[in-house]
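Residue numbers (our numbering): 7 to 288.
For each residue, glycine too, the CB sits at the ideal point set by N, CA and C.
In what follows, a single structure is set out as structure tokens and then discussed.
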């Protein structure tokens, strides 16, 4: 399940995973930036609350985005896989300038939407310039390889993570959310031991990675993003470790990024970005 191809002369939309528990009223800079990205007063946002089993989740985000000035916001839920074939729902996705997945259970999104016309259309629309964001479970689902569930703790073990297919907007990274708050370094490292090609992105709460069409990630929010680069992995004991045994991983590179810092997912280079202050600044 590869990302959809960008048309010649076109540009992919931004991908915006959020670590969960983002501020929704005071200092709601992440959601406000997403609305601005989608067009501000001209923004046409579809909210997909499928991950949540709370009946008011979609309505709540409709109110939040509308209150931030978005021109049109529609919650579009999917209770069965049959819903994903309905022409009016597909048409609504076609009209949107932004698509947003709420939190909840990422496996619920995968089982209800994965492999359906809606999933294919969202990949296509992102490749044609539509911005796609998600918080918590809605962040995990965005990549090709998704952390379905796992154990908390800072040390990776062979059985500390379970992976499943995500939506496949990109194959460059694996996301984990509520990262520092729920001590999830171990399961992100285990995911990279299974798939060293990907870059691990650990998102703190109220923290987002705004990923540009050129694959540059910029951090927004009050927490940090932990980037784990396994591209230079020299050794892994994953192939011989028992279910509950620790894994030996040599050659990992780790970056801790805060608001304004960047990481290029193509060149694998980190930058302090707007955090860099000139010596002449007062």
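Looking at the backbone, the Cα of residue 273 and that of residue 167 are separated by about 27 Å.
Residue 50 is positioned such that its CB atom lies closer than 8 Å to that of residue 103. Straight across, the Cα-Cα distance linking residue 108 with residue 64 is about 8 Å. In the DSSP assignment, residue 119 falls within the unbroken alpha helix (DSSP H) covering 112–119. Runs of the beta strand (DSSP E) spanning 3 or more residues and lying entirely within the stretch 65–147 occur at 78–81, 104–107, 137–141, in chain order. Put simply, of 211, 165, 161, 79 the residue whose alpha carbon is nearest the alpha carbon of residue 181 is 211. Residues of the same chain with a CB within less than 7 Å of the CB of residue 228, apart from the 5 flanking positions on each side, are 212, 213 in chain order. By the criterion of a C-beta distance shorter than 7 Å, residue 111 is surrounded in its chain by 57, 143, once the five residues flanking it on both sides are discounted. Counting only the Cα atoms, residue 172 lies some 27 Å from residue 15.
A check of alpha carbon separations from residue 20 across 203, 266, 133 identifies 133 as the nearest.
Secondary structure at residue 280: helix, using DSSP grouped into helix, strand and coil.
The C-beta of residue 183 has 16 or more other C-beta atoms within 10 Å across all chains shown, which makes the residue buried. Taking 8 Å as the cut-off, the Cβ atoms of residue 207 and residue 233 count as close. Annotation for residue 26: 109, 141, 142, 183, 184, 211 place their beta carbon closer than 6 Å to its own, counting only its chain and skipping 5 residues before and after.
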